[in-house]
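Shown next, in structure tokens, is the structure this report addresses.
Protein chains in written order, with the working numbering: chain A, 20 to 135; chain B, 75 to 188.
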């Protein structure tokens, strides 16, 4: 079964600084997708970034970028120029289209605080 | 366009009761997935419906059930509530499997069982 591990429950960053959130996963599939979701206090999960496993190039969305290491099964999120609005819970997630067992699998999340 | 709407936002129930939660997906989305979020277990997949058919089910007891209507709106039902069912229940709508196509989440229903 696929598993997603986020080993750091909490992190803190100074406003305008850079922070990296870690995620590892385990799978026997070769084709899959990885995601980072943000959950602010409003509770609504928002997609931050998505990476297709077959793409070697790391995905980037404005201040958010990933470091995808397929062989190491590692998928970290880098937030540059951190802003107060980045404070939230961040979830790493995995998906593989395996038919009846296709579903998003989430890590337990990391709470990011941003210090002004 | 309107987002994913979950009702009610908050709910307090007594042990042994049953509860029904509702999720209205984004117009045109035929897939609705449900997740249970707790501090200890994180987000766990409950089930996924597509065009009124359950395509996938997570590892939850039979007390948890769901259905989807022809307009893609979905409900989940929990019978014989237990204290451990207290959680945030999130639904997500997507064009296809959540993950294969972008999943859009609602704000959740906070269920408290006393």
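Ideal placement from N, C-alpha and C gives every residue a C-beta, glycine not left out.
Keep in mind that this is a model prediction, so the values were computed, not measured.
Quiz item: Looking at the C-beta of residue 27 (chain A), does it have a partner C-beta in chain B at a distance below 7 Å?
Solution: Walking along the first chain from the start, residue 27 (chain A) turns up at place 8. Interface annotation, residue 27 (chain A): not in contact with chain B, CB-CB separation never under 7 Å.
Run through the DSSP bridge pairs and tell me what residue 122 (chain B) is partnered with. Working through the second chain from its first residue, we reach residue 122 (chain B) at position 48. Answer is B:107 and B:130.
Residue 130 (chain B) and residue 116 (chain A) look like a contact to me (Cβ under 8 Å); what is the Cβ gap, rounded to whole Å?
Mapped onto the second chain, residue 130 (chain B) falls at position 56. Mapped onto the first chain, residue 116 (chain A) falls at position 97. No, residue 130 (chain B) and residue 116 (chain A) are not in contact; Cβ-Cβ is about 12 Å, not under 8 Å.
Please report how far the alpha carbon of residue 93 (chain B) lies from the alpha carbon of residue 56 (chain A), in whole angstroms.
Sequence index remark: in the second chain, residue 93 (chain B) carries index 19 (1-based). Sequence index remark: in the first chain, residue 56 (chain A) carries index 37 (1-based). Approximately 28 Å, taken between the alpha carbons.
(request) Take every Cβ of the region 89-109 of chain B, pair it with every Cβ of the region 96-111 of chain A, and state whether three or more of those distances are shorter than 8 Å. (result) Output reads no: the region 96-111 of chain A does not touch the region 89-109 of chain B.
In chain B, which residues lie less than 7 Å from residue 52 (chain A) when you measure between Cβ atoms? Position 33 of the first chain, counted from the first residue, corresponds to residue 52 (chain A). Chain-ordered, the chain B residues with CB closer than 7 Å to the CB of residue 52 (chain A) read 173.
message: For a test of your reading of the model: does the CB of residue 46 (chain A) fall under 6 Å from any non-hydrogen atom of the ligand ADP? Yes or no.
response: With respect to small molecules bound, the structure shown includes none, and the ligand ADP cannot be examined in it.
- Query: What number of angstroms, rounded off, separates the C-alpha of residue 89 (chain A) from the C-alpha of residue 69 (chain A)?
  - Reply: Translated into the one-based positions of the first chain, residue 89 (chain A) becomes position 70. Translated into the one-based positions of the first chain, residue 69 (chain A) becomes position 50. Rounded to the nearest angstrom, the two C-alpha atoms are 14 Å apart.
*asked:* Is residue 63 (chain A) close to chain B? Criterion is C-beta to C-beta, closer than 7 Å.
replied: Translated into the one-based positions of the first chain, residue 63 (chain A) becomes position 44. Yes, because at least one Cβ of chain B sits closer than 7 Å to the Cβ of residue 63 (chain A).
message: Strictly under 7 Å for the Cβ-Cβ distance: is residue 179 (chain B) near chain A by that measure?
response: What you label residue 179 (chain B) is simply residue 105 of the second chain in a count that begins at 1. So, interface residue.
**Asked** In chain A, which residues lie with their C-beta within 7 Å of the C-beta of residue 164 (chain B)?
**Response** The sequence position of residue 164 (chain B) within the second chain is 90, counting from 1. Those are 64, listed as they occur along chain A.
Does the region 34-44 of chain A come into contact with the region 91-99 of chain A, if we say contact requires no fewer than three beta-carbon pairs (one atom in each stretch) closer than 8 Å?
Judged by Cβ distances under 8 Å, the region 34-44 of chain A makes contact with the region 91-99 of chain A, as three or more pairs qualify.
Candidates A:131, A:86, A:30 and A:58: closest to residue 125 (chain A) by CA position
What you label residue 125 (chain A) is simply residue 106 of the first chain in a count that begins at 1. Ranking the options by Cα distance to residue 125 (chain A), first place goes to A:58.
Exercise. Can you have a look at residue 163 (chain B) and say buried or exposed, based on whether 16 or more other CB atoms are within 10 angstroms of its CB?
Key: As a first step, residue 163 (chain B) must be located in the second chain, where it is residue number 89. Burial call: buried.
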